[in-house]
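Asker:
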RNA sequence: GCCUGGGUAGCUCAACGGUAGAGCGUCCGCCUUGUAAGCGGUUGAUAGGGGUUCGACUCCCCUCCUGGGCUCCA
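See below:
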C-alpha cells in the first residue's frame, strides 16, 4: 500500500483497510471510521488491492465526521422504523454540522417535539448494541424487490438504473447502473446507501437530535411533504459540546433578540410581516451608518439622486421585471381605470431614466448615480426573517454607466471601495464569489458574457482575496461578484454584489456619443455595498453581539455621580464630552452605584464614568470601559475626552466582546 | 406559498372549561449610595374576528403575526 506521505507498507493478501489502520497504530485503528482508497471513500472492511493509495479517515476529520453523521442518520432511521412500524424512509444525508433523515409515518402521523427524546433513547439502545454495518451489493431487481414497500427507496433505485444524477446527489445509492449497495445492521434494519459507514454503531454516540420539520420529497413542493428530523453528531463529547456552545452563542447574538433588548427596532404586527420600524436608538445607528456611507460615496465620485417609490407599470414592462420578477413584486394598485401602479422592487429602471433624460457624451462617463433606495419585495411569508430577509428595505444602491473600456477599472474601483467601507465597519475577513452565466434562462451573446465574466474575474483577482466560483449563479442579464464576509464567530454573510449588465442598456436604448461622434451603448454596473441597510445593521449587531464600536454606539458615554452632591460635577463632565461631540447621558444618583453600573453594562454602553469626591476635587473621572475587568480611576477629564475623540475618529472597532 | 410549533403585561415566563399570577421594566415615594440588581408602593396582558358552552385565555373555524424547516452551497 502507498500511504499519504508516500511511504509503502506491505500487508498480507486479503488485508482490509482496518488491518492497515491496526498495523499503523492502535490509536489510529481506534479513531478510524473509514478509508480513502485511490481517492474514493470506502468502508474499513474494504479489501485492499496491491499498490493502492490508502488514507485512513479518522473521526476528527471533515470526511470522518461526514461518515459519522451519515451513520448516525442511518441509526436514526432504524430507530424511527422500530418505533413507528410501517414508517417509510426516504433520504438521510450528512449536512454541514449534522445530518437529517426524512420519513413518511404510517397514517400520516407527524413527529412532535416530544418524539425526539424517544427516538434518541432508541438510538442509544442501538448504539449500545454494537451493531455492525454490513455492506452488500445487489442487482436493481433485487433492490426493487427488497424495498417493495418503500416507494422512496424504489424511486432512488430507479433513478440509479436510469443513470440519473440526483440519486447520486442525495448520497443514497451506490455506483453503477446495474447494482446498488445496501447496508444492514444485524437483521434489524437495511438501508439503501452508497456508504461508507463506520464499522459498528459503537463508533457513534456523540449526537444530539435537534428539531423536527417538514420537507418536501426532493425539495419539490408538488411532491409529498415528509417529516424530517435534524440532528448533529461529532467525534467526541467535547466536540459536540463545543458545537452546541457555538449554537448558543449564535442565539445570544441574534439581532432579533438584541434589537428588542437594546431598543433598536421592532416589527409591529399591525404593519405586516417583514416590515420594520426603527426606534430612536436603532435610528441613530442607522443614520450614522448612512451618513458615513454618503460621505464615502461623495468622496468616491458618486452623485446623489432620488426617485419615487411607485411607478406606472410601463417602466417595469420596459425593464422586463414584469416578465421575470412579477411574483417577487407586490401586486399592482389600479388607478384611473386601467392604469396600474407598482411599488418598486428595484431602483435600476429609475436611475436609467435619469441617464436617459438627455443625450450623454463619453465625457460624462463613468456616471455614478447613488441612492438610498427603499424597495419592496413580496417575499414568501415563510422566508421572512428578522432584518435579514424583509419585505421592505433600503438599498445603498448605485448604478454606474460607463463604456466597455472603462468597466474593468470601474469594477476594481467598486471592489476596493467596498472592502474599505466594510473594514471601516469592523469586518475584515472576506472572500469573493464569482457567479457565472446560468445555463438556461439567461439572455445575451456569449462573447458579451465572456467579456463581462473576464472583467469581473480580473478585478476580483486584483483584490488578492480568495475567489470562489459559483457556476451558473449569475443573474439572467449578467455575471456578478459578491463579497462574503466572515463575522466574529466565523459565519459568512453575503454582503455586496457587483453585477455587470449589458441587457438593460439595450432594453432602454441607452447610448452616449463617443469621441468618434458615433453613438455607442454604455454598460451598466449594478452595485449595493451594504446590500440593504437593514440587513447590514443586523450583521453588525450579530458581529459585535450588540457591542457597537464607540463611533456607532447610540450612547457613547454615561456619567454616574456617586451621590447627588456630585451631580453638578457630573453635569460638567457631560457638558465637556458633549462639546467634543460625544453622545453622553447622566444616570442620576437615585439608585445605588452598583445598580447603575449593571444597567450600563446590560445596555452595552462603551464607557461608564463614575465621579465621586476624589474626582470632584481633582477634575478626574473613573473610567469603566465596556468589557473591561476593573475600572481605571483618577483619569483627568481632558485626557479622557482626547482619548475618546481619537477612538471615534479612527472608528476603531473593539475586539468583538461577548 | 407549503409543513410544523407558537402568540398571556414593554420583556421573560406561569396558570386553567369557573376571580389570569410572578420576576424584570414603567411611574411615585423613601434611601445618598465608589463599581453587575437597596426598600416600599404603582402601572400594566390573554393578537383580531367568528363559533361551541351556563361560563372560553383554555375547545373548534378563519385572519394576522411569529419560531423552525422546505435536496447544504461539506
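Residue numbers (the numbering used here): 147 to 804. C-beta: ideal position from N, C-alpha, C; glycine also.
Pick helix, strand or coil for residue 607, following the three-state DSSP scheme.
Answerer: Start at 1 with the first residue of the first chain, and residue 607 comes out as number 461. Three-state DSSP puts residue 607 in a helix.
Asker: Could you compute how far the alpha carbon of residue 152 sits from the alpha carbon of residue 383?
Answerer: On the first chain, position 6 is the one that residue 152 refers to. On the first chain, position 237 is the one that residue 383 refers to. When rounded, the distance between both Cα atoms is 33 angstroms.
Asker: Quick check: the Cα distance between residue 847 and residue 340, rounded to an integer number of angstroms?
Answerer: Since the displayed the chain opens at 147 and closes at 804, residue 847 lies outside it and no answer follows.
Asker: Leaving out five residues before and five after residue 697 in sequence, what residues of the same chain have Cβ atoms less than 6 angstroms from its Cβ?
Answerer: If you number the first chain from 1, residue 697 lands on position 551. So the qualifying residues of the chain are 794, 797.
Asker: Excluding the 5 residues preceding and the 5 following residue 792 in the sequence, name in chain order all residues of the same chain whose CB lies nearer than 6 angstroms to its CB.
Answerer: The count along the first chain starts at 1 and reaches residue 792 at position 646. Correct list: empty, nothing qualifies.
Asker: Which residues does DSSP pair with residue 624 in a beta bridge?
Answerer: Against the first chain, residue 624 aligns to sequence position 478. Looking at the DSSP assignment, residue 624 forms a beta bridge with 621.
Asker: Taking the beta carbon of residue 312 as the centre, do at least 16 other beta carbons fall within 10 Å, making it buried, or is it exposed?
Answerer: Start at 1 with the first residue of the first chain, and residue 312 comes out as number 166. The predicted position of residue 312 is uncertain, since its pLDDT is 46 and thus under 50; no value can be drawn from it.
Asker: Grouping DSSP H, G and I as helix and E and B as strand, with all else coil, what is residue 777?
Answerer: On the first chain, residue 777 is found 631 positions in, with the first residue counted as 1. Three-state result, residue 777: coil.
Asker: Kindly identify the DSSP beta-bridge partner or partners of residue 539.
Answerer: Stepping through the first chain from its first residue, residue 539 is reached at position 393. Answer is 521, bridged to residue 539.
Asker: Could you tell me the distance, in whole angstroms, from the CA atom of residue 724 to the CA atom of residue 710?
Answerer: By 1-based counting over the first chain, the position of residue 724 is 578. By 1-based counting over the first chain, the position of residue 710 is 564. Answer to the nearest angstrom: the Cα atoms are 21 angstroms apart.
Asker: Quick check on the DSSP output: the beta strand (DSSP E) that includes residue 354 runs from which residue to which?
Answerer: Sequence index remark: in the first chain, residue 354 carries index 208 (1-based). It spans 353 to 362 - the beta strand (DSSP E) in which residue 354 sits, taken as one unbroken run.
Asker: Please classify residue 761 as buried or exposed, where buried requires at least 16 other C-beta atoms within 10 Å of its C-beta.
Answerer: Translated into positions along the first chain, residue 761 becomes position 615. Its Cβ being crowded by 16 or more others within 10 Å, residue 761 is buried.
Asker: Name the two residues that bound the continuous alpha helix (DSSP H) containing residue 269.
Answerer: As a position in the first chain, residue 269 is number 123, starting the count at 1. 261 to 274 is the extent of the alpha helix (DSSP H) around residue 269.
Asker: Quick check: what's the CA-CA separation for residue 301 versus residue 518?
Answerer: For the purposes of this step, residue 301 is identified with residue 155 of the first chain, where counting begins at 1. For the purposes of this step, residue 518 is identified with residue 372 of the first chain, where counting begins at 1. Approximately 50 angstroms between the Cα atoms of the pair.
Asker: Pick out the complete beta strand (DSSP E) segments inside the region 612 to 700, 3 residues or longer, and give them in chain order.
Answerer: Fully enclosed beta strand (DSSP E) runs of 3 or longer: 613 to 616, 626 to 632, 638 to 647, 669 to 674.
Asker: Candidates 402, 168, 715: which alpha carbon is nearest residue 706's?
Answerer: Here residue 706 corresponds to residue number 560 of the first chain, with the count starting at 1. That would be 715, whose Cα lies nearest to the Cα of residue 706.
Asker: Have a look at residue 167 and residue 281 and give me their C-alpha separation to the nearest angstrom.
Answerer: Locating residue 167 in the first chain gives position 21, where the first residue counts as 1. Locating residue 281 in the first chain gives position 135, where the first residue counts as 1. One C-alpha to the other measures close to 19 angstroms.
Asker: Tell me where the alpha helix (DSSP H) around residue 279 begins and ends.
Answerer: For the purposes of this step, residue 279 is taken as the residue at position 133 of the first chain. From DSSP, residue 279 is part of no alpha helix (DSSP H) but of the beta strand (DSSP E) over 279 to 285.
Asker: Which stretch, first to last residue, makes up the beta strand (DSSP E) that contains residue 233?
Answerer: Reading the first chain from its first residue, position 87 is the one you call residue 233. From DSSP, residue 233 is part of no beta strand (DSSP E); its letter is neither H nor E.
Asker: Scan the region 364 to 419 and note each continuous alpha helix (DSSP H) run of 4 residues or more that stays entirely inside, going in chain order.
Answerer: Fully enclosed alpha helix (DSSP H) runs of 4 or longer: 383 to 398, 401 to 407.
Asker: For a test of the three-state rule: what should DSSP assign to residue 224, helix, strand or coil?
Answerer: One-based indexing of the first chain puts residue 224 at position 78. It is helical.
Asker: Around the C-beta of residue 452, are 16 or more other C-beta atoms found within 10 angstroms, so that it is buried, or is it exposed?
Answerer: On the first chain, residue 452 is found 306 positions in, with the first residue counted as 1. Exposed is the call here.
Asker: Within 10 angstroms of its Cβ, does residue 734 collect 16 or more other Cβ (buried), or is it exposed?
Answerer: Locating residue 734 in the first chain gives position 588, counting from the first residue. Residue 734 is exposed by the Cβ-count criterion.
Asker: Measuring CB atoms only, is the region 504 to 523 touching the region 540 to 555, in the sense that at least three cross pairs come out at less than 8 angstroms?
Answerer: Segments in contact, yes.
Asker: Grab me the residues of residue 156's own chain with a C-beta within less than 8 angstroms of its C-beta, minus the 5 sequence neighbours each way, in chain order.
Answerer: The residue labelled residue 156 in the question sits at position 10 within the first chain. 147, listed in sequence order.
Asker: If you drop the 5 nearest sequence neighbours on each side, which residues of the same chain put their C-beta closer than 6 angstroms to that of residue 362?
Answerer: As a working note, residue 362 is residue 216 in the first chain. Cβ within range, chain order: 369, 371.
Asker: Check this for me: beta carbons of residue 491 and residue 552, under 9 angstroms apart or not?
Answerer: Along the first chain, read from residue 1 onward, the residue named residue 491 stands at position 345. Along the first chain, read from residue 1 onward, the residue named residue 552 stands at position 406. Cβ atoms of residue 491 and residue 552: not closer than 9 angstroms.
Asker: Pairs of beta-carbons, one from the region 627 to 642 and one from the region 573 to 580, closer than 8 angstroms: are there three or more?
Answerer: Short answer: they touch.
Asker: For residue 732, which of 757, 740, 336, 726 has the nearest alpha-carbon?
Answerer: Taking the first residue of the first chain as position 1, residue 732 is located at position 586. Answer by Cα proximity: 757.
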